[in-house]
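Trainee:
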Amino acid sequence: MKTRYFSNLTWQEFGEIVPKKTSTVILPVGTIEAHGVIPLGTDNIIPQDIAEYTAEKINALIAPPVNYGITSSLLPYPGSITLEKDTYKKMILEIMLELA
Numbered sequence: 029m030k031t032r033y034f035s036n037l038t039w040q041e042f043g044e045i046v047p048k049k050t051s052t053v054i055l056p057v058g059t060i061e062a063h064g065v066i067p068l069g070t071d072n073i074i075p076q077d078i079a080e081y082t083a084e085k086i087n088a089l090i091a092p093p094v095n096y097g098i099t100s101s102l103l104p105y106p107g108s109i110t111l112e113k114d115t116y117k118k119m120i121l122e123i124m125l126e127l128a
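The numbering used here numbers the first residue of the sequence shown as 29 and each following residue consecutively.
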């Protein structure tokens with residue numbers, strides 16, 4: 029595969045790869061939240077790196093990441109972004125159903 033990121037593929041390329049060459053798609057999920065002296069996006073960087081490593085090992089594609097999560101306890105800190113639990117669950121479920 030020329031890329032593991034399916035957002036970098038055309039729909040025609042995607043159709044040639046799934047399910048002929050792979051039927052596995054990894055959905056990296058993270059959040060934007062305060063971490064003291066490290067970046068707000070740390071919880072997105074790590075899942076993305078894990079997805080890249082794992083995709084190579086298991087011949088998977090990587091879906092565009094979900095960069096927002098449930099972070100309500102950190103809202104007092106500037107830069108933290110949260111979703112309501114029901115919103116998050118619905119979004120993840122809908123993405124997973126589209127990937128199925």
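For every residue, glycine included, the Cβ atom is placed at its ideal position computed from N, Cα and C.
Roughly how many angstroms separate the alpha carbons of Met119 and Glu61, rounded to a whole number?
Mentor: One-based indexing of the sequence shown puts residue 119 at position 91. One-based indexing of the sequence shown puts residue 61 at position 33. In a straight line, the C-alpha of Met119 is about 19 Å away from that of Glu61.
Trainee: Is DSSP giving Ile109 helix, strand or coil here?
Mentor: Within the sequence shown, numbered from 1, the residue matching residue 109 stands at position 81. Three-state result, Ile109: strand.
Trainee: Any chance the segment 87-103 sits against the segment 62-78, with 3 or more Cβ pairs inside 8 Å?
Mentor: yes
Trainee: For Leu121, which of helix, strand or coil comes out of DSSP?
Mentor: If you number the sequence shown from 1, residue 121 lands on position 93. Of the three classes helix, strand and coil, the one that applies to Leu121 here is helix, per DSSP.
Trainee: Taking the alpha carbon of Gln76 as the point to measure from, which residue in Val53, Val65, Gly64 has its own alpha carbon closest?
Mentor: Taking the first residue of the sequence shown as position 1, residue 76 is located at position 48. The shortest C-alpha to C-alpha distance from Gln76 to any of Val53, Val65, Gly64 is the one to Val53.
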